[in-house]
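Notes to accompany the following structure.
There are 2 protein chains.
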Amino acid sequence: MTRNATAFSEAEYQRRLKRTRAAMSEQGIDVLFVEDPSNMAWLTGYDGWSFYVHQGVILTQEGEPFWWGRNMDANGARRTAWLSDDSLRPYGDEYVQSTARHPMQHLAVLLADLGFERARIGVEMENYYFSAKAYTTLLDCLPQAQIVDATALVNWQRAVKSEEELNFMRRAARIAEKMIDGAIERAEPGLHKNELVAEIYRDALRGVGEDWGDYPAIVPMCPSGADASAPHLTWDGNTLKTGECTFFELAGVYRRYHTPFSRTVFLGTPPDDMKRAEAALVEGLEAGLDVARAGNRACDIANALAKPLESAGIERGARCGYPIGLSYPPDWGERTISLRAEDETVLEPGMTFHFMPGLWTPTWGLEITEPILIRESGPAEAFCNRPRQMFVKP
Amino acid sequence: MTRNATAFSEAEYQRRLKRTRAAMSEQGIDVLFVEDPSNMAWLTGYDGWSFYVHQGVILTQEGEPFWWGRNMDANGARRTAWLSDDSLRPYGDEYVQSTARHPMQHLAVLLADLGFERARIGVEMENYYFSAKAYTTLLDCLPQAQIVDATALVNWQRAVKSEEELNFMRRAARIAEKMIDGAIERAEPGLHKNELVAEIYRDALRGVGEDWGDYPAIVPMCPSGADASAPHLTWDGNTLKTGECTFFELAGVYRRYHTPFSRTVFLGTPPDDMKRAEAALVEGLEAGLDVARAGNRACDIANALAKPLESAGIERGARCGYPIGLSYPPDWGERTISLRAEDETVLEPGMTFHFMPGLWTPTWGLEITEPILIRESGPAEAFCNRPRQMFVKP
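Following this line, the structure appears as structure tokens:
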């Protein structure tokens, strides 16, 4: 019947619910309202590009979660989530992008009907989809409830991946390698950037073998030359040029699971400062991978990277990585741990990160990055297997 | 120097600032903080996939707007916005996805420094990127300010397009036609959905002639059969099948300007109920186009569409369109006017809509839609020029 519910075992979904409910108990949360589409999908399997209207999953300590969303999307929930029909609670289209009504008015009535009028309700205060207006409307409509911040409560439960999830990320890694291989192979002076990205997308979506490619939570980035001084410029119609460097930051995606990966191509002869930066960066990556071990801390990776960079006179001033896995736009990070000096989170086996020490100077950008898995013992496993270098095409 | 600032004339940007400032005055707003990336781009030209962290444009009654965002994205602002360096106000990476700090703490200090500690500050309460936490943090940090809801203040100024904007949308329309042509031509039993979308993306990004294709704010939708009962399911690796209907809902995009467009393909012989629905839908579309005239109201279009559908026993229960133009994920609508019975907004020349009366039943979905322009006189102009029908491939 459903398309994606079978993607994971029932035991896997039960594991997820159990972890999340334990975290709710610890924080004294009676009912959790989750609007983050990644969290919705992780808990229920729900998958669709419907997050541009308000929707969410309601989780209590017992029974199935509820899916709540726009009426026309209930069929999408029927086809993708493992929930029974009784657990779908849609609202009418008159609430959609209306100046007279807000969907949270509907949600408040539903929560009251479920017996949570005076409950302690957890909401994701820092999230793209739970707007300021959603919060104030919910406050107005449920004056007797206690609405508390449960930002990232579910995200933290996602940090350690199951074997079933790692299996998806390994498939995504094969797609990422294919995308990078194609980009490096095709890059040449005169090639229009949009034409190159067209081929990257084509590689991504065609996938590898039976594994079809899904859309990435961030579009492929591939700025060249001085445009690459800015990490988040998307493509345009300009051509690749001799003497310019282009970095490719992209992700292979298998059923919403992301494995981000970056490599850089130089057309012509790279200047000495880039070659020195490359050497320091690769040394830093390898030092970081070596300390990315269970029992060490997130900051240990950042500090190991920083040392050879500092020796080379490079101060990055930005975090060098974040957790990865199941994601929807606009971000493929999980927004919990950050690989930076002040983050002392202890690394656990099964955690997955994009170790992402991009270098951006006023005249060029250089990205050599690795998606990694923290193992039971030993240094991190790199999901992708490609030379850790800047590719030079003379 | 910059990549996109030259995309529009200086007069065009001045027009936009003037309109927005007039609306601010009307609402007694001293300073406007705009976090919606479409609004940021419309006012300043700023373009980049950096909206997954907090950023915004600060607009007062005088001088250049300020760009505020993450330090690493300031170079992106330098390369895409028409602003001078003095107008860029970046914050440090320690504010990014931190549990200890929030970027709004930085913004509050900046607003106070600019003299707005006790001002009436407009914010976009109902927006994807201005989170509930952003709002409460700003309230906490600026206790003497009056923080008021300016949701869609800028969006409403965008409703009537300039000739420069229409020029972009017409280019996007050529790309949309190419995408639909390719999808219909390639659709055949046995073709994997992801492979079809790979070609659609390739067509989209390669663009038409000199006009390179940009990424869409919503990925192409093309569900088949019963999956098409759900409007927002994205693709998977299944094959197209004889006896099934597939709708294509997609947008051509030229420099962030969207022209969404949909057509439907049936492989085999469509059932009678679909053919009747198709006939009623086409009649409704043409009736709607005919009343989509300056001086009429948004609801007139919805009511004209509803009549033939009702005669055919079809009740849609959803709005049938929304304004379109400059957009970033997750939505290509402008979130102001809705084409529905209760919306009495008067149509003005230069307004642009996606007239989008999708039909979704439990066993099939049918989409024949038109992006349209309200003209000075006469019925609406359809941006795309393709037969208004379900395409049947026996």
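Residue numbers (my numbering), protein chains in the order written: chain A, 4 to 397; chain B, 4 to 397.
In this text, a Cβ means the ideal position worked out from N, Cα and C, and glycines have one as well.
Just so you know, these numbers come straight off a predicted model, no measurement behind them.
- If one requires a minimum length of 4 residues, the alpha helix (DSSP H) runs lying completely within the segment 153-196 of chain B are 156-160 and 166-189, in chain order.
- If you draw a straight line from the Cα of residue 92 of chain B to the Cα of residue 337 of chain A, it comes to about 27 angstroms.
- Around the beta carbon of residue 102 of chain A, fewer than 16 other beta carbons sit within 10 angstroms, so the residue counts as exposed.
- Here residue 158 of chain B is buried. Its C-beta has 16 or more other C-beta atoms within 10 Å.
- About 4 angstroms separates the beta carbon of residue 79 of chain B from that of residue 51 of chain B, a gap short enough to meet the 8 angstroms contact definition.
- Against residue 130 of chain A, the close residues of chain B are 134, 135 and 136, in the order they occur along the chain (beta-carbon pairs closer than 9 angstroms).
- In the DSSP assignment, residue 393 of chain A falls within the unbroken beta strand (DSSP E) covering 393-396.
- Interface flag for residue 96 of chain B against chain A is set, since a Cβ pair is found closer than 7 angstroms.
- The beta carbon of residue 53 of chain B falls within 7 angstroms of a beta carbon belonging to chain A, placing the residue at that interface.
- Chain-ordered listing is empty here: chain A has no CB closer than 7 angstroms to the CB of residue 261 of chain B, the nearest sitting near 13 angstroms.
- Residue B:247 holds the alpha-carbon nearest to the alpha-carbon of residue 395 of chain B among B:247, B:29, B:326 and B:100.
- Segment contact: the segment 283-299 of chain A against the segment 14-21 of chain B, fewer than three CB-CB distances shorter than 8 angstroms; contact not assigned.
- In terms of Cβ geometry, residue 47 of chain A and residue 84 of chain A form a close pair [threshold 7 angstroms].
- Under the three-state reduction of DSSP, residue 263 of chain A is assigned to strand.
- DSSP, read as helix, strand or coil, puts residue 135 of chain B in helix.
- The C-beta of residue 160 of chain A comes no closer than 7 angstroms to any C-beta of chain B.
- The beta carbon of residue 271 of chain A is closer than 6 angstroms to those of 245 and 246 in its chain, skipping five residues each way along the sequence.
- About 7 angstroms separates the Cβ atoms of residue 298 of chain A and residue 349 of chain A, confirming a contact at the 8 angstroms cut-off.
- Taking 7 angstroms as the CB threshold, residue 299 of chain A stays off the interface with chain B.
- B:160 is the residue among B:184, B:160 and B:237 whose C-alpha sits nearest the C-alpha of residue 329 of chain B.
- Residue 145 of chain B and residue 339 of chain B have their alpha carbons spaced roughly 29 angstroms apart.
- DSSP places residue 222 of chain B in no alpha helix (DSSP H); its state is neither H nor E.
- Inter-segment contact for the segment 109-128 of chain B and the segment 110-118 of chain A is absent: fewer than three beta-carbon pairs are separated by less than 8 angstroms.
- Separation of residue 223 of chain A and residue 25 of chain A (C-alpha to C-alpha, rounded to the nearest whole angstrom) is 37 angstroms.
- The beta carbon of residue 149 of chain B sits closer than 6 angstroms to the beta carbons of 123 from its chain, once the five residues preceding and following it are set aside; these are given in chain order.
- For residue 248 of chain B, the uninterrupted beta strand (DSSP E) segment begins and ends at 248-257.
- Proximity of the segment 127-139 of chain A to the segment 23-40 of chain A meets the contact definition, three or more beta-carbon pairs being nearer than 8 angstroms.
- The Cβ of residue 275 of chain A sits no closer than 7 angstroms to any Cβ of chain B.
- If you check the CB distance, residue 355 of chain A and residue 327 of chain A come in under 7 angstroms.
- The C-alpha of residue 334 of chain B lies about 15 angstroms from the C-alpha of residue 217 of chain B.
- Secondary structure of residue 212 of chain A (DSSP, three-state): coil.
- Only 195, 197, 198, 200 and 201 from the segment 169-202 of chain A bring a Cβ to less than 7 angstroms from some Cβ of chain B.
- The C-beta distance from residue 351 of chain A to residue 163 of chain A rounds to 5 angstroms, short enough to fall under 8 angstroms.
- When C-beta distances to chain A are compared with 9 angstroms, the residues of the segment 206-220 of chain B below that value are 206, 207, 208, 209, 210, 213, 214, 215, 216, 217, 218 and 220, in chain order.
- If only complete runs of 4 or more residues are kept, the segment 49-113 of chain B shows the alpha helix (DSSP H) at 77-83, in order along the chain.
- Taking a beta-carbon distance threshold of 7 angstroms, residue 357 of chain A does not count as an interface residue toward chain B.
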